[in-house]
Amino acid sequence: EEKIPGVYGIDTRALTKLLREKGSLLGKITFEGGEDIEFHDPNQENLIAKVSTKEIVEYGSGDKTVVLVDCGTKYNIIRCLLRLGVKVVFVPWDYDFTQMEYDGLFISNGPGSPEFAEITVEHIRKAMEIGKPICGICMGNQLLCKAAGAKVYKLKYGHRSHNQPVRLVGTEKCYITSQNHGFAVDNSTIPSEWEPHFINMNDGTNEGIRHKTKPFFSAQFHPEASSGPKDTEFIFEEFVNLL
Numbered sequence: 025e026e027k028i029p030g031v032y033g034i035d036t037r038a039l040t041k042l043l044r045e046k047g048s049l050l051g052k053i054t055f056e057g058g059e060d061i062e063f064h065d066p067n068q069e070n071l072i073a074k075v076s077t078k079e080i081v082e083y084g085s086g087d088k089t090v091v092l093v094d095c096g097t098k099y100n101i102i103r104c105l106l107r108l109g110v111k112v113v114f115v116p117w118d119y120d121f122t123q124m125e126y127d128g129l130f131i132s133n134g135p136g137s138p139e140f141a142e143i144t145v146e147h148i149r150k151a152m153e154i155g156k157p158i159c160g161i162c163m164g165n166q167l168l169c170k171a172a173g174a175k176v177y178k179l180k181y182g183h184r185s186h187n188q189p190v191r192l193v194g195t196e197k198c199y200i201t202s203q204n205h206g207f208a209v210d211n212s213t214i215p216s217e218w219e220p221h222f223i224n225m226n227d228g229t230n231e232g233i234r235h236k237t238k239p240f241f242s243a244q245f246h247p248e249a250s251s252g253p254k255d256t257e258f259i260f261e262e263f264v265n266l267l
């Protein structure tokens, strides 16, 4: 009645075994007796460019200005920043914000592979030379890591749930987080002036980095939630306090 596609008659046990052995795989739904459907690989498409804003938009009117690079922003990131009293300048993923007047840089979440956003990585490198506070979320974490010189790889099993446990490195504090990503940062490639910020308690993978002396840090998960737990919403406060 709702015209929602579905499948039945599938050996789900065999499918589960296949995914367990091979890792996350792409798939498609085909129709018996119908024409073959072209196989679409989203990893070969710049999804960031597809979803990013095409124009600059301003939100709020605080004394401090945050440039928010839109790689596919969840609107609750904007809400979290506005609640802390800052002005948000929302810019396209490939916009050169380094010539703007701002107090802090925030790099949003977004879909697909970070390899398509090299222009954003270059802009982040310029911003690091300026030295103002930088925070990255999800895709923003991966782009900050690439700008720092670390490498990103595709996970065998992506993290996609609202109950992913992470530990704040250097402490015994653990938090439950919302995650939806298929790539991660290789801890062994993080430069010496940086360090892991959070670690995933399920598989030990990286969940963010931080600079040892400068106000640059990131999180691979979603502190803004919506939906999901808000255990790590304090990350926004830490960022704004640095401005």
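Oh and the sequence shown: position 12 is 36 in the numbering used here, straight run, nothing missing.
Ideal Cβ positions, reconstructed from N, Cα and C, are used throughout, including at glycine.
Between phenylalanine 121 and valine 93 a beta carbon distance of about 7 Å is seen, short of the 8 Å cut, so the two are scored as contacting. DSSP places glycine 30 outside both helix and strand once states are collapsed to three, so it counts as coil. Annotation for histidine 205: Cys162, Gly182, His183 and Gln244 place their beta carbon closer than 7 Å to its own, counting only its chain and skipping 5 residues before and after.
Taking C-beta separations shorter than 6 Å and ignoring five residues to either side along the sequence, the partners of aspartate 118 in its chain run Ile143, following chain order.
Between phenylalanine 260 and leucine 108, the C-beta spacing is below 8 Å.
Here phenylalanine 55 carries a coil assignment [DSSP, helix/strand/coil].
As DSSP reads the structure, serine 242 sits in a beta bridge with Gly160.
Closest option to alanine 172, judged by alpha-carbon separation, among Ser250, Pro220 and Leu39: Pro220. Looking at Val145, Gly228, Ser251 and Cys169, the one whose alpha-carbon comes closest to that of threonine 201 is Ser251. Of the other Cβ atoms in all chains shown, fewer than 16 fall within 10 Å of the Cβ of phenylalanine 258; this residue is therefore exposed.
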